[in-house]
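Heads up, the thing below is written out as structure tokens.
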Amino acid sequence: MSALLQALRRLLILIASLFAASVLVFLVLAVLPGSPAQVILGTQATPASVAALTAKLGLDKPLWQQYADWVGGLLTGHLGISYISGQPIWAQLSAALQVTVPLILMGLAVGVLIAVPLGMISALRADRPSGALVSALSQVGIAIPTFVGGILLIIVFAVTVHLLPSGGFVTWQQSPVQAFRSLILPAIALGVVEGAILSRFVRASILEVLRSDYYRTARAKGLRPLQALRRHGTRNALIPVVTVFGLEMAGLIVGAIVVENVFTLPGVGTMLLQAVDNRDLLLVQDVVIGVSAVVLLLNFLVDLSYRLLDPRVGSRP
Amino acid sequence: MSTLSVRNLTVTLGAAVVVDGVSFDLEPGQRLGIIGESGSGKTVTALAVMGLLAPSLRATGQVLIGDRDLLAMTERQRCEVRGGTMAMVFQEPMTALNPTMRVGRQIAEAIRAHQRCTRAEARQRATELLARVEFTDPARQARSYPHQLSGGQRQRVMLAMAIACDPAVILADEPTTALDVTVQAQMLALMARLVTEENAALVLISHDLAVVSGMCERVMVMYGGHVVESGNTAQVLAAPRHPYTAGLLATSAAVSLDSDRTRLEVPYIPGQVPAVGSFPAGCPFRSRCDRATAECAVMPPIEAVGDHLAACHHPLGGPASPQIPASPQIPADLAESGKE
Numbered sequence: 001m002s003a004l005l006q007a008l009r010r011l012l013i014l015i016a017s018l019f020a021a022s023v024l025v026f027l028v029l030a031v032l033p034g035s036p037a038q039v040i041l042g043t044q045a046t047p048a049s050v051a052a053l054t055a056k057l058g059l060d061k062p063l064w065q066q067y068a069d070w071v072g073g074l075l076t077g078h079l080g081i082s083y084i085s086g087q088p089i090w091a092q093l094s095a096a097l098q099v100t101v102p103l104i105l106m107g108l109a110v111g112v113l114i115a116v117p118l119g120m121i122s123a124l125r126a127d128r129p130s131g132a133l134v135s136a137l138s139q140v141g142i143a144i145p146t147f148v149g150g151i152l153l154i155i156v157f158a159v160t161v162h163l164l165p166s167g168g169f170v171t172w173q174q175s176p177v178q179a180f181r182s183l184i185l186p187a188i189a190l191g192v193v194e195g196a197i198l199s200r201f202v203r204a205s206i207l208e209v210l211r212s213d214y215y216r217t218a219r220a221k222g223l224r225p226l227q228a229l230r231r232h233g234t235r236n237a238l239i240p241v242v243t244v245f246g247l248e249m250a251g252l253i254v255g256a257i258v259v260e261n262v263f264t265l266p267g268v269g270t271m272l273l274q275a276v277d278n279r280d281l282l283l284v285q286d287v288v289i290g291v292s293a294v295v296l297l298l299n300f301l302v303d304l305s306y307r308l309l310d311p312r313v314g315s316r317p
Numbered sequence: 318m319s320t321l322s323v324r325n326l327t328v329t330l331g332a333a334v335v336v337d338g339v340s341f342d343l344e345p346g347q348r349l350g351i352i353g354e355s356g357s358g359k360t361v362t363a364l365a366v367m368g369l370l371a372p373s374l375r376a377t378g379q380v381l382i383g384d385r386d387l388l389a390m391t392e393r394q395r396c397e398v399r400g401g402t403m404a405m406v407f408q409e410p411m412t413a414l415n416p417t418m419r420v421g422r423q424i425a426e427a428i429r430a431h432q433r434c435t436r437a438e439a440r441q442r443a444t445e446l447l448a449r450v451e452f453t454d455p456a457r458q459a460r461s462y463p464h465q466l467s468g469g470q471r472q473r474v475m476l477a478m479a480i481a482c483d484p485a486v487i488l489a490d491e492p493t494t495a496l497d498v499t500v501q502a503q504m505l506a507l508m509a510r511l512v513t514e515e516n517a518a519l520v521l522i523s524h525d526l527a528v529v530s531g532m533c534e535r536v537m538v539m540y541g542g543h544v545v546e547s548g549n550t551a552q553v554l555a556a557p558r559h560p561y562t563a564g565l566l567a568t569s570a571a572v573s574l575d576s577d578r579t580r581l582e583v584p585y586i587p588g589q590v591p592a593v594g595s596f597p598a599g600c601p602f603r604s605r606c607d608r609a610t611a612e613c614a615v616m617p618p619i620e621a622v623g624d625h626l627a628a629c630h631h632p633l634g635g636p637a638s639p640q641i642p643a644s645p646q647i648p649a650d651l652a653e654s655g656k657e
């Protein structure tokens, strides 16, 4: 029962956060100087035509009304019409998501594949030179900006050895293999940094397990080191790692925007940057609130997952 | 052949000697108490015997189980001994148990590490073990997580784990220190009963003379990584030869009148236990000893003084040092009261 109440409380917090985020996003974009109608029509436009377009876009209504229209649309699944292209935003967004979602998932996979072994090795060999070397490597990984890493990858794998495309995207409908291939380098560029950051936390939490009394107890029972680590470490080490993972999701999405630009991928990030350029404010608003919602939702799930990972959570005050 | 025979066990941390030449033998059913303040090397001794030292520590000497030397074994062989032939109970039952695993499973794991059996059989055995360590509703309590149990219950889970594979030797490191005073005696009685039932040898590590005197027929006093006195518990307590033992005895005798044991310990033995590596050369106790002379710069050998062994150039009750008048002998009745 108390578990349900706790989950409900978390859900209320999630809804409140989403509300706050939507207000913030809306207000920040509303107070930006310059009117979208002016940008769309260009500097030659007459004040009358600008006013007409502003009215058509609904931007002459009071702020609260604009906000209510926008949120009402979001809740009923109507993301609105792009100011610039005149196309439904949903159509544009769903095409872009076909790039960005696989990119982030692949980046995540790369990150985890890097973080777990790297973190484990540097923890298990913490007092040996090889462990220190792996630790230093992960520091370097953190220090490299995503776009530099991306460009390096392009130079090596696309320009020098012609192994993978340097950019652009073939849709999944046209050729799944090509689509996948065009996401490999971007995913690596994205995943390396996240993996390096995550590996620090994997290392720290495994070290904590190795120094724990219960690990020693497991060893005293006769379990071999890796056996004891697997049985007693996995769950305990996951608790802090999952927390960081939730926080890192935001970083991963920002990273995806940069990577899409470096590799000229038609994803959500590219779309967002273009929309900002064109003052396609409704599209910007929709994308930003969408990203916020995803991050908040993931952190909500992280909160819920503690209960599965750690039996002590919520059992006593 | 002894069940457990430790020969000249020495543990080093870089250049620093943490434990210096500890030797003892244990037969089935025998109980040895190791006494000393924190930092005296008693826990390190136990961990070295288990082969569970931190990687930075190095053990030399011999730890013989039957005729097999643990220190010469491969890690895989040692894993068979640990939890099988030799089990350990740790001081802090809250942290020594995995907080995210049900206690029944943690016990079952100890069984399955050494015996071929199915998961269900191991679970069944774990429940039986919980009953043996006096859990009233073992089937239900096996499904508890450590945080749902009391301190005493957690330590009994540790005991159940230790006896899971009928070990020949049980090492218990301060098993009652973390417990409420009210359950300490109960815990010791249970441990004594189980050790007797298993006919296991027991090494009981404690800073508490009363605990050791009630449980063990033999005692070894450690200070600064050295065994400074050892012998029959009653004889050592009746006539301690080493000034450190006498000091320990005086403090516990005095403190037993009071409720708080640890706080009052320091004023009675002047000075503090030095950090590892900063003990004086020679007798480690000489920086705190009022009988120390220039002679004490050389470590005295452990040899017979009266009815037991002590490592002191100027043992109490023995030939006193020429410069210093002999310290008053600890009265026998005071020594006796240390047992309570």
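First to last, the protein sequences are chains E and V.
Note that this note's numbering has the first sequence beginning at 1, numbered continuously upward.
Note that this note's numbering has the second sequence beginning at 318, numbered continuously upward.
Built from N, CA and C at the ideal position, the CB exists for glycine as well.
- [ ] In the DSSP assignment, find the unbroken alpha helix (DSSP H) run with D342/V in it and report its ends.
- [x] No alpha helix (DSSP H) holds D342/V; the beta strand (DSSP E) holding it covers 333-343.
TODO: Please classify G378/V: does DSSP put it in a helix, a strand, or coil?
DONE: strand
TODO: Return the chain-ordered ranges of every alpha helix (DSSP H) run that is complete within the stretch 522-559 of chain V and spans a minimum of 4 residues.
DONE: 526-532, 550-555
TODO: Pair every Cβ in the stretch 369-379 of chain V with every Cβ in the stretch 181-191 of chain E, then say whether three or more of these pairs are closer than 8 Å.
DONE: no
Open item on the list: Can you list, in chain order, the residues of its chain with a C-beta nearer than 6 Å to that of P455/V? Leave out the 5 residues immediately preceding and following it.
Closed with: T444, L447, A448
Task: N325/V in three-state terms, based on DSSP - done: strand
Task: Beta-carbon proximity list for I257/E, same chain, < 6 Å, skipping 5 on both sides - done: G269
Open item on the list: Can you confirm whether R224/E, when its beta carbon is compared against all beta carbons of chain V, has any partner nearer than 7 Å?
Closed with: yes
Task: Inter-residue spacing [alpha-carbon to alpha-carbon] between T391/V and G331/V - done: 22 Å
Task: Continuous alpha helix (DSSP H) assignments of at least 4 residues falling wholly in the stretch 90-123 of chain E - done: none
Task: Buried or exposed by the 16-neighbour rule on C-beta atoms within 10 Å, applied to V328/V - done: buried
Open item on the list: If you follow the beta strand (DSSP E) that G350/V is in, where does it begin and where does it stop?
Closed with: 348-352
Task: Where Y83/E meets chain V, residues with beta-carbon distance less than 9 Å - done: By Cβ distance, chain V contributes nothing, its closest Cβ being about 52 Å from Y83/E, past 9 Å.
TODO: List the residues of chain V whose Cβ lies closer than 9 Å to the Cβ of L229/E, in chain order.
DONE: What L229/E touches in chain V: nothing, since even the nearest Cβ is about 12 Å away.
TODO: Find the residues of chain V that neighbour D303/E, judging by a C-beta separation of less than 8 Å, and give them in chain order.
DONE: The premise fails here: D303/E is roughly 17 Å from chain V at the closest Cβ pair, so nothing lies under 8 Å.
Task: Chain-ordered residues of the stretch 195-219 of chain E with a beta carbon less than 8 Å from chain V - done: S212, D213, Y214, R216, T217, A218, R219
Task: Closer than 7 Å at the beta carbon, the chain E residues around G400/V - done: A220, K221, G222
Open item on the list: Measuring alpha carbon to alpha carbon, tell me which residue in A21/E, Y215/E, F169/E, Y214/E is nearest Y67/E.
Closed with: A21/E
- [ ] Run down chain V in chain order and give the residues with a C-beta less than 9 Å from the C-beta of L309/E.
- [x] T417
Task: Presumed contact (8 Å Cβ cut-off) between R399/V and L521/V, rounded CB distance - done: That belief does not hold up - the Cβ atoms of R399/V and L521/V are roughly 19 Å apart, past 8 Å.
Open item on the list: For S85/E and N299/E, I'd like the C-alpha separation in whole angstroms.
Closed with: 34 Å
Open item on the list: In chain order, what are the residue ranges of uninterrupted alpha helix (DSSP H) at least 4 long that sit wholly in the stretch 410-439 of chain V?
Closed with: 410-413, 420-429
- [ ] For E426/V, count neighbouring C-beta atoms within 10 Å of its own C-beta (all shown protein chains included) and say buried if the count is 16 or more, exposed if not.
- [x] buried
- [ ] Would you kindly check if the distance between the Cβ of G195/E and the Cβ of G111/E is under 7 Å?
- [x] yes
TODO: With a 10 Å radius around its C-beta and 16 neighbouring C-beta atoms as the bar for buried, classify P584/V as buried or exposed.
DONE: Confidence is the limiting factor: at P584/V the pLDDT is only 43, short of 50, which leaves the residue's position unreliable and the question unanswerable from this model.
- [ ] Look up R460/V in the DSSP assignment and say whether it is helix, strand or coil.
- [x] coil
Open item on the list: Could you give the first and the last residue of the continuous beta strand (DSSP E) run that contains L488/V?
Closed with: 486-490
TODO: With DSSP collapsed to three states, give me the class of I15/E.
DONE: helix
Task: Burial state of N415/V, where buried means 16 or more other Cβ atoms lie within 10 Å - done: buried
Task: With 16 other Cβ atoms within 10 Å as the buried cut-off, status of L296/E - done: buried
Task: Proximal residues of chain E, C-beta to C-beta of A332/V below 7 Å - done: The contacting residues do not exist; A332/V stays about 17 Å from chain E at best.
Open item on the list: Across the stretch 550-562 of chain V and the stretch 364-372 of chain V, are there enough close Cβ pairs to call them in contact, namely three or more that are closer than 8 Å?
Closed with: no
Task: For T217/E and F407/V, believed in contact at Cβ under 8 Å, the rounded distance - done: 6 Å
Task: C-beta neighbour in chain V for H232/E, strict 7 Å - done: yes
Open item on the list: I'd like the ranges of any alpha helix (DSSP H) spanning at least 4 consecutive residues and lying wholly in the stretch 164-222 of chain E.
Closed with: 176-210, 213-220
- [ ] Assign L298/E to one of three DSSP states: helix, strand, or coil.
- [x] helix
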